[in-house]
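Take a look at the structure below.
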Amino acid sequence: MEKNSVKKIKRAYLITVAALLVILAAVELVHSRNNEKQLSNRIVGSYMTQGTMDDTTYLVFTDQKNYTLYKQFRILGKGTYETENADHSRVYTLYESGKVSGNVILYGDTLYYIAKDSEAVTEMRKFSSTPDYININVDK
């Protein structure tokens, strides 16, 4: 009789542990999906490469769908940007004088810039959620 009770307790314990593992797995799945959704789809702001101050490249996006690619004291490119689906897309196309000049893939606070005539991918990190220009006059 005691052995039977011990077996029932063990079985109940194993079922409880299995149920807890299933619940934890479900919570983790929901949490990871929410984190994916929380990755910023908002590209507006200022990004920079990681490197020496003289070698740093900056990429700035405005609410008016304009971008500026520059190094301190020198503009490398200026134009507009767009995406096919502003609410869900993380892929942006850059235009300079009406022609495609490159693409950007946004992933959270990191973006990957691919110039049109290059196979290189440049990683940049967001350092400001506002368009900031360092040692450059973009109105020229």
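Our numbering numbers the first residue of the sequence shown as 5 and each following residue consecutively.
Glycine is no exception: its CB is placed at the ideal position from the N, C-alpha and C atoms.
Here the structure is a predicted model, which means the values were calculated and not measured.
Can you give the beta carbon distance from residue i to residue j, rounded, assuming they're within the 8 Å contact cut?
i	j	result
V108	Y116	7 Å
I138	Q68	About 20 Å; that fails the 8 Å criterion.
I47	I140	That belief does not hold up - the Cβ atoms of I47 and I140 are roughly 19 Å apart, past 8 Å.
K82	V104	Actually they do not touch by this definition, with Cβ atoms about 14 Å apart.
P135	T66	5 Å
Give the DSSP-derived three-state secondary structure of residue i in the structure shown.
i	result
S9	helix
K14	helix
I118	strand
I19	helix
Under the rule that 16 or more other beta-carbon atoms within 10 Å means buried, what is residue i, buried or exposed?
i	result
T72	buried
Y111	exposed
M128	buried
D130	Note on residue identity: the sequence assigns Lys, not Asp, to residue 130. Counting Cβ neighbours within 10 Å, K130 comes out buried, since at least 16 surround it.
G106	buried
S50	buried
L63	buried
Y96	buried
Y74	buried
K41	Only weak support exists for where K41 lies, its pLDDT of 48 falling under 50; the coordinates are left without a value.
Y85	buried
V125	exposed
Determine which residues share a DSSP beta bridge with residue i and list them.
i	result
E127	Y116
Y111	T114
S133	The partner list for S133 (beta bridge, DSSP) is empty, contrary to what the question assumes.
Contained beta strand (DSSP E) runs [length at least 3] in the region 22-108, N- to C-terminal order: 49-52, 62-65, 70-75, 78-86, 95-100
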